[in-house]
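Trainee:
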Amino acid sequence: MHAAAGKQNRIKVALIAISIVALFTVLTALAGRGVAADETIRRKIEEKSEEIKRLEAEAERYRTTLGDLGREASTLSARVKAIEHTLQRLEANIRLTNAKVERANLEIRSLEDGIVEATSAIDTGRGRLGHFLGLLAERERETPLEIFAKHDSISSFFDSLDQIIGIQANLQDALAELRRSREALRERKSSAETKRLEQKALAQDLADQKAVEIEERRGRSSLLAETRNQERRYQELLADVEKKRSALQEEINALEADLEADFDRSLLPAPGSGVLGWPLPAPIFITQHFGQTAFARAGAYSGKGHNGIDLRAAVGTAVFAGEGGTVRATGDTDLACRRASYGRWVLVDHPSNLTTLYAHLSLVRVRRGDAVNRGELIGYSGQSGYATGPHLHFTVFARQAVNVGELRSRVCGRVMTLPLSPFGGYLNPLDYLGNPA
944 MHAAAGKQNR IKVALIAISI VALFTVLTAL AGRGVAADET IRRKIEEKSE EIKRLEAEAE
1004 RYRTTLGDLG REASTLSARV KAIEHTLQRL EANIRLTNAK VERANLEIRS LEDGIVEATS
1064 AIDTGRGRLG HFLGLLAERE RETPLEIFAK HDSISSFFDS LDQIIGIQAN LQDALAELRR
1124 SREALRERKS SAETKRLEQK ALAQDLADQK AVEIEERRGR SSLLAETRNQ ERRYQELLAD
1184 VEKKRSALQE EINALEADLE ADFDRSLLPA PGSGVLGWPL PAPIFITQHF GQTAFARAGA
1244 YSGKGHNGID LRAAVGTAVF AGEGGTVRAT GDTDLACRRA SYGRWVLVDH PSNLTTLYAH
1304 LSLVRVRRGD AVNRGELIGY SGQSGYATGP HLHFTVFARQ AVNVGELRSR VCGRVMTLPL
1364 SPFGGYLNPL DYLGNPA
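Residue numbering for the sequence shown follows our numbering, beginning at 944 and increasing consecutively.
(1) Would you mind stating whether residue 1228 and residue 1249 have Cβ atoms separated by less than 8 Å?
(2) So, helix, strand or coil for residue 1274, using DSSP?
(3) Could you say which of 1268, 1288, 1145 and 1357 lies nearest to residue 1318 if we only look at CA atoms?
(4) Look up residue 906 in the DSSP assignment and give the residues it is bridged to.
(5) So which of 1031, 1051 and 1202 has the shortest CA-CA distance to residue 1435?
(6) Would residue 1375 be called buried (16 or more neighbouring beta carbons within 10 Å of its own) or exposed?
(7) Could you check where the alpha helix (DSSP H) with residue 1184 kicks off and where it finishes?
(8) Which one of 1153, 1253 and 1004 has the shortest CA to CA distance from residue 1326?
(9) Quick check on the burial criterion: 16 or more other C-beta atoms within 10 angstroms. Buried or exposed for residue 1209?
(10) Once DSSP output is grouped into helix, strand and coil, what is the label at residue 964?
(11) Inspect the CB distances between the segment 1219–1226 and the segment 1182–1202 and report whether three or more fall short of 8 Å.
(12) Distance check for residue 1271 and residue 1304, CA to CA, integer angstroms please.
(13) Going straight from the alpha carbon of residue 1120 to that of residue 1148, what length do you get?
(14) Please report the distance separating the alpha-carbon of residue 1309 from that of residue 1372.
(15) For residue 1328, which three-state DSSP category applies?
(16) Mind checking which residues open and close the beta strand (DSSP E) that includes residue 1249?
(17) How long is the line joining the alpha carbons of residue 1368 and residue 1206, rounded to whole angstroms?
(18) Since residue 1276 and residue 1283 should fall inside the 8 Å C-beta cutoff, what is the C-beta to C-beta distance between them, to a whole number of angstroms?
(19) Between residue 1152 and residue 1259, how many whole angstroms is the CB-CB distance? I'm expecting something under 8 Å.
(20) Are the CB atoms of residue 1039 and residue 999 within a distance shorter than 8 Å?
(21) May I ask which residues mark the beginning and end of the beta strand (DSSP E) holding residue 1288?
(22) Restricting to runs no shorter than 4 residues, where is the alpha helix (DSSP H) found entirely within the segment 1203–1233?
(23) Have a look at residue 1231 and residue 1247 and give me their C-alpha separation to the nearest angstrom.
(24) Alpha carbon to alpha carbon, what distance is there between residue 1214 and residue 982?
(25) Which residue comes first and which comes last in the beta strand (DSSP E) that contains residue 1258?
(26) Does the Cβ-Cβ distance between residue 1346 and residue 1211 come in under 8 Å?
(27) Determine the burial state of residue 1342: buried for a count of at least 16 other Cβ atoms within 10 Å of its Cβ, exposed for fewer.
(28) Nearest to residue 1173 by CA position, among 1358, 1324, 1018 and 988, is which residue?
(29) If you measure from the CB of residue 1202, is any heavy atom of the ligand HEM nearer than 7 Å?
(30) If you draw a straight line from the alpha carbon of residue 1288 to that of residue 1126, how long is it in whole angstroms?
(31) With C-beta atoms as the reference, is residue 1358 less than 8 Å away from residue 1194?
(32) Find out if the Cβ-Cβ distance for the pair residue 1363, residue 1128 is shorter than 8 Å.
(33) Can you tell me where the beta strand (DSSP E) with residue 1337 in it begins and where it stops?
Structural data, given as structure tokens:
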């Protein structure tokens, strides 16, 4: 009887060993397939990263070239050449952003595969844990004396005890592996969510860049249609634009002259406090300062100084809020009077009692009432309105001194909506901007 029981016990132990080996064989095969698939995605991510490096170098070459072409185009051929280079740069940026979107998609796919793998590992781990718990429970129902009675020798008895110890060790390993799998799942889910947000932002950037490119192409078509590709007509257009701009500026000056600069200067931040951040990415290049600049003294603003600063910015450059605040208004003066004023603009109120204006934009990304954070994207630079070349016009007002008003322009024959302030309400932006990053 003891011999039969010992033989039966040895068979059971052998079956347990076989089941464990089979389980790990299946897991190893599945893991092998997962590693192969993951390696394929990893290779694609690396290839896409190399492509992004090449596209970044291409975009940088266009950015450097446009530093020279972005200045005022005095001839039609120069203007068309600048537009063509702008379009090439925008297309290069679109290719770059598209590659980043594709890489993000691959990274999300890799993380999702990892989530599936971790989930499967948890399920398998639970199965292993249950399996070993069952074996241990079965063994622990017997006392050492009962186990000894089943064996026909001391050697087989100690073999059975070793099996119990082995099951306990496997149980601890299975529990530790289950914990690791759960932690891996948590980390991969967190990484996947972060990557999805990044992909969403990149997709929005891509859509914005395409919109800017479409607008630039429309501008080129409009210019060629108006001038009929003739230099004489282009010069006539420039003269007409300057005449209209000058007359409109006189209308604005007359309206603002009737406004009172009624605000408490003690409520303003101290000059040099650096409460505002720069609205463009580095490097920063100021093309015109505040006040009585050479351009202003030449009569550009009908005797008034320049009411802000101009910053060099190629078409499609991201424009950021100088400080946290609320968008008071947005607008587009080109709807009432083309090439004569701010073009597309955004006005933001700040808790510091300052208000900032961003003008000549190609695309506006915010709406009235939106809350914005310091450094948050609010639009893209361009040369809408009166702009001799692509740039960002940046104005700082005392918040109490600026209002969004309507100007019934005799020059343009339409009603124009734009920020208005007595000249005393315009502040030198450099008094409040920090050091460029």
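From the three backbone atoms N, C-alpha and C, an ideal C-beta is built for every residue, glycine too.
Mentor: Once the coordinates are examined:
(1) Between residue 1228 and residue 1249, the C-beta gap is not smaller than 8 Å, which leaves the two residues out of contact.
(2) Note: residue 1274 maps to strand in three-state DSSP.
(3) Considering only alpha carbons, the answer is 1268.
(4) The requested residue 906 is not part of the displayed model; the chain covers only 944 to 1380.
(5) The question about residue 1435 has no answer, for the chain in this structure spans 944 to 1380.
(6) Buried.
(7) Per DSSP, residue 1184 is one residue of the alpha helix (DSSP H) stretching across 1174–1200.
(8) Nearest C-alpha to residue 1326 among 1153, 1253 and 1004: 1253.
(9) By the 16-neighbour rule on beta-carbons within 10 angstroms, residue 1209 is exposed.
(10) Confidence at residue 964 is low in this model, with a pLDDT of 47, below 50, so the placement of that residue is unreliable and no value is reported for it.
(11) Three or more beta-carbon pairs separated by less than 8 Å are not found between the segment 1219–1226 and the segment 1182–1202, which leaves the two stretches without contact.
(12) For residue 1304 and residue 1271, the gap between their C-alpha atoms comes out near 16 Å.
(13) Distance from the CA atom of residue 1120 to the CA atom of residue 1148, rounded to whole angstroms, is 42 Å.
(14) Approximately 22 Å, taken between the alpha carbons.
(15) It is coil, neither helix nor strand.
(16) Run containing residue 1249: none; DSSP gives neither H nor E here.
(17) Cα atoms of residue 1368 and residue 1206: separation of roughly 8 Å, rounded to the nearest angstrom.
(18) Rounded, the Cβ-Cβ distance is 7 Å, consistent with contact.
(19) The C-beta separation of residue 1152 from residue 1259 comes to about 6 Å, placing the pair in contact by the 8 Å criterion.
(20) Cβ distance < 8 Å, so residue 999 and residue 1039 count as in contact.
(21) Its beta strand (DSSP E) spans residues 1287–1292.
(22) Within the segment 1203–1233, no complete alpha helix (DSSP H) run reaches 4 residues.
(23) The C-alpha of residue 1247 is placed about 14 Å away from the C-alpha of residue 1231.
(24) Cα to Cα, residue 982 sits roughly 57 Å from residue 1214.
(25) Counted as a single uninterrupted DSSP element, the stretch harbouring residue 1258 is not any beta strand (DSSP E), since DSSP gives it neither H nor E.
(26) In this structure, the beta-carbon distance from residue 1346 to residue 1211 does not fall below 8 Å.
(27) For residue 1342, the number of other beta carbons within 10 angstroms of its own is at least 16, and it is reported as buried.
(28) The shortest C-alpha separation from residue 1173 is found at 1018.
(29) No copy of the ligand HEM occurs in the structure displayed, which carries no ligand at all.
(30) Per the coordinates, the alpha-carbon of residue 1288 lies some 49 Å from the alpha-carbon of residue 1126.
(31) It is not a contact, given that the beta carbons lie outside the stated cut-off.
(32) Cβ distance not < 8 Å, so residue 1363 and residue 1128 don't count as in contact.
(33) Segment 1334–1341, the beta strand (DSSP E) holding residue 1337.
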